[in-house]
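Number of protein chains: 2
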Amino acid sequence: MDTQWLDKDELGAWVGLVAVVELLPGVLDAQLRRDSGLTHFEYYVLAMLSEAPERTLRMTELAQQTNATLPRLSHVVRRLEERGVVERSPCPDDRRATNARLTGKGLAAIEAAAPGHVDNVRRHVIDALTRDQVSQLHDIAAALLERLDPNGLLTAVYERP
Amino acid sequence: MDTQWLDKDELGAWVGLVAVVELLPGVLDAQLRRDSGLTHFEYYVLAMLSEAPERTLRMTELAQQTNATLPRLSHVVRRLEERGVVERSPCPDDRRATNARLTGKGLAAIEAAAPGHVDNVRRHVIDALTRDQVSQLHDIAAALLERLDPNGLLTAVYERP
DNA sequence: CTGAATTAGTTGAAGGAACAACTAAACGCC
DNA sequence: GGCGTTTAGTTGTTCCTTCAACTAATTCAG
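Sequence lines, in order, name chains S and V. Take the first sequence: its position 101, counting from 1, is numbered 101 in our numbering, and each next residue is one higher. Take the second sequence: its position 93, counting from 1, is numbered 1093 in our numbering, and each next residue is one higher.
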């Protein structure tokens, strides 16, 4: 079967998307590291915990919500624990499992980091788009995620009515 | 000044975009590594060289087009050179500079990798969208890149008429 | 000209991510 | 109810990225 190459419009959209995907992490990381001493991934871990009931999640669930492998998360959480923003404890229900819980210090850390982060997002993304484009982007992302993340693991937290 | 938080639509768009940015690199890397033994970044390096006149670019220019730091590119190109897909030579015009050139083997490698990659892009991105959405995404990406990449370094190659 | 500052690139060391191997608990089923 | 399988998580190794230090060539100022 012959390859179906991308036409001009498709190629433009694709190249643009790739460039955004390439550049955005650096922009997010740089601001968070500079102002809060957190990587974007660490910020996301803390954010997921802060939204969870009891500020607590099992490692596996947290890994799914942050798109991390379990080894990666394990290392990151260990480092976060050393810094006192997260605590780990064996899960009473299932003794194989570990619960990660955001500490008071961790809550303070993410609450301190959030305004600057949101500001950064606004400056680099939201404010660059018209309201219509924001709405279009919402739909486009949803369509893409249907394939990239069929179970909606990464976005589940924000999809409450 | 108080933080201006994101409203519902903005938050949806933002969370979706972050999820896409988080997931897409893994999808691209996985296919390319599996089928061609290249990371997406390596693929992009070879692609930029293949589009350049004489299949040759100076390290600095290549770094800009791929959004790499110079040290990163230097390491990657060294490894690619060890694999015989790229050659380095001192630039005659400016003896500080180094030219990287895609070898015949490198050209063969990227030509072999391209169909599977394009296929993957189509499956995961283009085919998930309507034609209108592809066009909207094109515009949205362009608007974002105006801030993320004001000089258009990453997309310059594909913007010839 | 000549010396200071800038630019191009490499190299080495340190930190983080992916992968593989491992431990331990729970499930499943006959 | 014991044995194989699956699930949860950690640990260690390897590879890649980032950062800092360095060399060498070029530019620019006086």
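Built from N, CA and C at the ideal position, the CB exists for glycine as well. This one's a predicted model, so the numbers in the text were calculated from it and none came from an experiment.
Item: Beta-carbon neighbours of L144 (chain S), restricted to chain V and to distances below 7 Å; Value: V1020, V1125 and A1128
Item: Complete runs of the beta strand (DSSP E) confined to the region 1027-1070 of chain V [at least 3 residues]; Value: 1056-1058
Item: Within-7 Å CB hit, A112 (chain S) to chain V; Value: no
Item: Among V:D1002, V:D1007 and V:V1018, the one whose alpha carbon lies nearest that of L144 (chain S); Value: V:V1018
Item: Alpha-carbon spacing of R1101 (chain V) relative to C1091 (chain V), whole angstroms; Value: 11 Å
Item: Residue closest to D1139 (chain V), alpha-carbon to alpha-carbon, out of S:L11, S:D2, S:Q4 and S:E111; Value: S:L11
Item: Chain S within 7 Å of H1075 (chain V), Cβ atoms only; Value: no
Item: Residue-level contact to chain S via CB, Y1158 (chain V), 7 Å cutoff; Value: yes
Item: V86 (chain S) - DSSP class collapsed to helix/strand/coil; Value: strand
Item: Straight-line Cα distance separating V1027 (chain V) from R79 (chain S); Value: 27 Å
Item: Meets three-Cβ-pair contact criterion under 8 Å: the region 113-124 of chain S and the region 28-36 of chain S; Value: yes
Item: Stretch-stretch touch, CB-based, cutoff 8 Å, three pairs: the region 122-142 of chain S with the region 53-62 of chain S; Value: no
Item: Boundaries of the beta strand (DSSP E) in which L102 (chain S) is found, first to last residue; Value: T98 to L102
Item: Helix, strand or coil at D93 (chain S) according to DSSP, with G and I counted as helix; Value: coil
Item: D132 (chain S) - DSSP class collapsed to helix/strand/coil; Value: helix
Item: Alpha carbon of H1124 (chain V) to alpha carbon of L154 (chain S), nearest angstrom; Value: 17 Å
Item: Amino acids of chain V, ordered along the chain, whose beta-carbon sits closer than 9 Å to that of S36 (chain S); Value: None at all; the shortest Cβ gap to chain V is about 14 Å.
Item: Rounded distance between the beta-carbons of L23 (chain S) and N1067 (chain V), thought under 8 Å; Value: 6 Å
Item: Under 7 Å between C-beta atoms of T98 (chain S) and R88 (chain S); Value: yes
Item: Neighbouring residues, chain V, relative to D9 (chain S) (Cβ below 9 Å); Value: R1131, V1134, S1135 and H1138
Item: Under 7 Å by beta carbon: chain S residues contacting R1122 (chain V); Value: Q4
Item: Reduced DSSP category for V125 (chain S) - H, G, I as helix; E, B as strand; rest coil; Value: coil
Item: Beta-carbon proximity check, W1014 (chain V) vs V121 (chain S), cutoff 7 Å; Value: yes
Item: Positions along the region 25-49 of chain S whose CB lies within less than 7 Å of some CB in chain V; Value: P25 and V27
Item: Residue burial classification, L1070 (chain V) (beta-carbon count within 10 angstroms, cutoff 16); Value: exposed
Item: Closest Cα partner of T39 (chain S) within the set S:D149, S:D9 and S:V76; Value: S:V76
Item: Minimum Cβ-Cβ distance from T1069 (chain V) to chain S less than 7 Å; Value: no
Item: Pick from S:G16, S:D132 and S:G106 that is closest to E82 (chain S), judged by C-alpha positions; Value: S:G106
Item: Neighbour list for D94 (chain S) in chain V, Cβ cutoff strictly below 9 Å; Value: Within 9 Å Cβ-Cβ: nothing; D94 (chain S) doesn't reach chain V, min ~28 Å.
Item: Rounded distance between the beta-carbons of V1157 (chain V) and E1051 (chain V), thought under 8 Å; Value: 5 Å
Item: Where G12 (chain S) falls: helix, strand or coil (DSSP); Value: helix
Item: Below-7 Å beta-carbon distance, R1147 (chain V) vs any chain S residue; Value: yes
Item: Where T1155 (chain V) meets chain S, residues with beta-carbon distance less than 7 Å; Value: V15, G16 and A19
Item: Minimum Cβ-Cβ distance from P1115 (chain V) to chain S less than 7 Å; Value: yes
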